[in-house]
Each structure stands twice: as structure tokens, then as C-alpha cells.
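Same order as they appear, the protein sequences are chains A and B. Numbering (our numbering) for the first sequence: 79 to 294. Numbering (our numbering) for the second sequence: 79 to 294. Note that CB positions come from ideal geometry on N, CA and C, so glycine has one too. One structure is given here, and the rest of the page talks about it.
2 protein chains.
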Amino acid sequence: MKVKVLQNIMDANDQIATRNQQLLDKNKVLALNIMSSPGAGKTSLILETIRRLKDTVRTAVVEGDIASTIDADRINKEEVPVVQINTGGQCHIDANMVNNALESLSLEDIDLLLIENVGNLVCPAEFRTGAHKRVMLLSVPEGDDKPYKYPLMFTLCQAIIVNKMDMLPLADFDITAFQRAVTGLNPKARIFQVSCKTGEGIENWVSWLEAELKDR
Amino acid sequence: MKVKVLQNIMDANDQIATRNQQLLDKNKVLALNIMSSPGAGKTSLILETIRRLKDTVRTAVVEGDIASTIDADRINKEEVPVVQINTGGQCHIDANMVNNALESLSLEDIDLLLIENVGNLVCPAEFRTGAHKRVMLLSVPEGDDKPYKYPLMFTLCQAIIVNKMDMLPLADFDITAFQRAVTGLNPKARIFQVSCKTGEGIENWVSWLEAELKDR
């Protein structure tokens, strides 16, 4: 009985996710589901991305948090449309929450939708939202062994961003070992090394994103 | 129907957690449920704690991970009993998993049981394990705003350990603002500032733990 109920929940989520993606496609919006541990730098990456693309790409943001509007308030200063989802304790955002957010955005005026998930390396990977690409950040202080411990997240993402490269001198992080671990799980993943603080490497991430936008 | 099923799951977990605690009490074992984001330093804290207490306290460890035995392998070198729980995708450890682990330990030969939960600031807070105290780590690079974003975890823990204090010069972390946020949610929580890398502040944490062990 229990399994059946859970199965139904996942099926329902997938159906709504598919409808979300159809709605995004109709409006020619590229949507990214951005995931990471708490404090890895999702909001900082979103801010950097908005600033670098602001002359050419119309970006909007959906902010997912269990509680608070701290991140939405930071995004709001960039004068892009931002919708806050408070999950009320739930450890991930699901397709229905994203559907509600889409309804409150003018999709015809948006090229790129950045969906910031709840900070969590586990559960967000399990729920489709309707976004076209899954993107994750890992910050250098978290350590290079994370692909072995959280394999689903590293397996599903098309882009993996190693953030806080400026902290490398203080951390025991072997970037070659990390790349090897990721490639073992997910050979097609693109890995970007960046520091949202110093700006290092952000241009490579933005170039990838611009190519994805052109492909649409 | 859905709510009822979930309610039953939580009730069943609580009942097993209560039995776990009775079993621990019967054997005069103090158990800690140690939680944090991925990579905040749970295993490093456990290693430091084992080393500092090894002449006076018989410690054992339960390692919870979604996959891999990386952390258990590190602990194993300290020659203390260690049991690995692999949750097989589940985002937290529950009372039943801990019950299985307790059955494979000689509880009469243990004073202190350190249970390392899955790296996740959300779900582990919701599931009682039977441990007497909840302890969490937050690492400095994660940022000082986390109590606002993950309030349940910060509300439930008796001890909150700020790790990676050696990274403070490179991080935008306001320790006073952090303490204020924690105190607002959880006025009784003890906050410890440590660096498992340099050893800074570990003695305060160990003193607290020794006092808790004496109280039993």
C-alpha cells in the first residue's frame, strides 16, 4: 500500500513536470534546475549569471527555500522577475510548486528561467520540475569525495560547477580525483571550475549557457 | 489517505526510537545524532573526539551514508567499533536502521555512541533515532544565514558546532549575527567554534561531552 501511494505521488509529479516543460517550450524559455548543498553558492552563481547576460538575455528566477526570503531579496536588487517558493518544511521543490510559480510570471517576456532548489544534495535530484537541464554546484570546502556519497545528483546533472575555487589553498580538494569520480558516474557532464567571489571561470559557464540558449 | 500513511510511518519510527533509547540506557551508553550539510566535517569531528577521549571513554561509531564506506574506512583506522549503514538512496537515517546497527555492537563495552547521519540539513532533523542528544555542525563557508533557511535543524539541536573556523578570513561569515540567529530559534543551544583542521576550540566541545557523560 505504502509503495503504491508513493508511486502515485511520483507519477503525478512527472505529469505536472511534463506540462511545465511544454509551457516553457511554447514560450521559448530555457529553464535550469539549480541544486547544491546548503551554502555552496547557488544564489551567488545566479547573481553572476544575471549580471553577465543582462544586455542580451531576459532572465527570471524562481527561489526555492524551506523558509525565509533572504535569497529572493538578494536577486530582487538585480531588477529581474523573481518568485519565491517557500516549501514549508519540504526538502525539495516539486513540479506543482514550479507550476504555481510559472503562472505568476510573464513567460513571453523571459528567455532564461533559473530555478534555485532547496539546499540539499539528496532529495531535489529525485523530483523532476520541468526544467530542461539539471545543474549542480559543489563548493571546494565540501570535499572531493562527494560524487561517491551522493551519486544520484552527480549522475543526473548536465553541468557540474565547482565553486569557491579561491578556497583551494585552504582545502584538501583534489580536482583531478573529483573529475575522475564524476566521469565514472556521468561521462557526458560538463565540469566548470569557478569562483563567484573572484569571477574566475564564470565566463566558461556563461558561454555554455549562451550556446544552450542559441540551440533553442 | 496519504496523510494517514505518513503519520503511521512517523509513529512507527518514534516507537522504535524509544526502544533504541531504552536499550542504550540499559547499557549506560550516551548516544549522539550528529548532523550537517555534506562536507561540513562530521567525520573529522568524530575522529578528533575519538582521539581526545580514547584513554578514558570507550567510543563506537555508526556511519550513515547513502552509498560508499569512505567515512567508515577513515574511522576504522582509529580501532574503535564502527558499523556502516548504507541507506540505499534514503536522505536520512531512521530508528530502524539504528536499531539494526545497535544489534551488531557490544553495547556493554561502549560508553559513547556517535551516530553520523547522512549529509543533509533538512530531513535528518525530522526522524528520531533514539540518540539522547542532537548535535549539528555548520561550516564557516556555508554562511551565517543558515538558521533562517533551515530553522528546524537549528531549533532541535542541543549543541551547534561551527567548524572550519580557520577559513574565516576567506569567508563572509558574521559569527555575532549567526549566534543571534541561533539564539532567536533555540536559546538553550550551546554553540562551539572549532577547526577540526587546526584543533582550535575542540577542547571546549570535548569538555561539554565529558560533562554529559558524567551526568549519566
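Asked                                                                                                                                                                                         : Found
State yes or no: is the C-beta of Gly197(B) within less than 7 Å of the C-beta of Ser115(B)?                                                                                                  : yes
So what does Glu220(B) bridge to, in DSSP terms?                                                                                                                                              : DSSP output for Glu220(B) lists no bridge partner at all.
Closest Cβ-Cβ distance between Ser184(B) and chain A: below 7 Å?                                                                                                                              : no
Alpha carbon to alpha carbon, what distance is there between Val272(A) and Ala234(A)?                                                                                                         : Here residue 234(A) turns out to be Leu, not Ala, going by the sequence shown. About 20 Å.
Rounded C-beta distance between Ile148(A) and Val139(A)? I'm assuming under 8 Å.                                                                                                              : Contact doesn't hold; Cβ gap of about 13 Å is too wide.
Straight-line CA distance for Gly117(B) to Ser217(B)?                                                                                                                                         : 8 Å
How would you call Ile87(B), buried or exposed, if buried means at least 16 neighbouring beta carbons within 10 angstroms?                                                                    : exposed
Which residues does DSSP pair with Arg212(B) in a beta bridge?                                                                                                                                : Asn111(B)
Grab me the residues of Asp92(B)'s own chain with a C-beta within less than 7 Å of its C-beta, minus the 5 sequence neighbours each way, in chain order.                                      : Arg206
Tell me which residues of the stretch 209-220 of chain B have at least one Cβ-Cβ distance to chain A shorter than 7 Å, keeping chain order.                                                   : Ser217, Pro219 and Glu220
Could you give the residue range of the beta strand (DSSP E) that holds Phe270(A)?                                                                                                            : Arg268 to Gln271
What distance in whole Å lies between the Cβ atoms of Pro219(B) and Ala249(B), which are believed to be in contact at a cut-off of 8 Å?                                                       : 5 Å
Using the beta-carbon count (16 or more within 10 Å), is Ala289(A) buried or exposed?                                                                                                         : exposed
Does the structure place the stretch 176-186 of chain A close enough to the stretch 151-167 of chain A that three or more beta carbon pairs sit under 8 Å?                                    : yes
If the cut-off is 7 Å on Cβ atoms, which residues from the stretch 144-157 of chain B count as contacting chain A, listed in chain order?                                                     : Ile144, Ala145, Ser146 and Ile148
Let me know the secondary structure DSSP gives Thr127(A) once reduced to three states.                                                                                                        : helix
Using a Cβ cut-off of 7 Å (strictly closer), state whether Ser115(B) contacts chain A.                                                                                                        : yes
Identify every run of the alpha helix (DSSP H) within the stretch 143-175 of chain A, keeping only runs that are complete inside it and at least 4 residues long; order them along the chain. : 148-154
Name, going along the chain, the residues of the stretch 263-282 of chain B whose beta-carbon falls closer than 8 Å to a beta-carbon of chain A.                                              : none
Which residue wins for smallest C-alpha separation from Ala237(B), given the options Asn264(B), Gly221(B) and Lys227(B)?                                                                      : Asn264(B)
Please classify Pro247(B) as buried or exposed, where buried requires at least 16 neighbouring CB atoms within 10 angstroms.                                                                  : exposed
Could you say which of Thr276(B), Gly279(B) and Lys132(B) lies nearest to Ile188(B) if we only look at CA atoms?                                                                              : Lys132(B)
My output table needs one value for Ala138(B): the three-state DSSP class, helix, strand or coil.                                                                                             : strand
The stretch 224-246 of chain B: which residues have C-beta closer than 9 Å to a C-beta of chain D, in chain order?                                                                            : Annotation note: the requested chain D is absent from the structure, which comprises protein chains A and B.
State the Cα-Cα distance for the pair Leu190(A) and Phe232(A), rounded to the nearest angstrom.                                                                                               : 23 Å
Work out the CA separation of Ile112(A) and Met175(A) for me, nearest whole Å.                                                                                                                : 15 Å
Just to confirm, is the Cβ distance from Ile124(A) to Gly142(A) under 7 Å?                                                                                                                    : no
Which term fits Lys266(A), buried or exposed, when burial requires 16 or more other beta carbons within 10 angstroms of its beta carbon?                                                      : exposed
Looking at the strands, I want to know which residues DSSP matches up with Ala237(B).                                                                                                         : Val213(B) and Arg268(B)
Against Gly197(B), what residues of chain A qualify as contacts under a CB-to-CB distance less than 9 Å, listed in chain order?                                                               : Ser115, Leu199, Val200, Glu220, Lys224, Lys227 and Tyr228
So which residues on chain A does Leu248(B) lean against when the C-beta distance must stay under 8 Å?                                                                                        : Asp244, Met245 and Leu248
Could you tell me whether the stretch 277-288 of chain A touches the stretch 238-245 of chain A, where touching means 3 or more Cβ pairs closer than 8 Å?                                     : yes
State the CB to CB distance for the pair Gly279(B) and Phe270(B), rounded to an integer number of angstroms; the pair is presumed to be in contact (CB under 8 Å).                            : 6 Å
Do Leu108(A) and Leu291(A) have their C-beta atoms within less than 7 Å of each other?                                                                                                        : yes
I'd like the list of long-range same chain contacts for Met243(A), defined as Cβ closer than 7 Å, with 5 residues on each side in sequence excluded.                                          : Val218, Gln271, Val272, Ser273, Glu278 and Gly279
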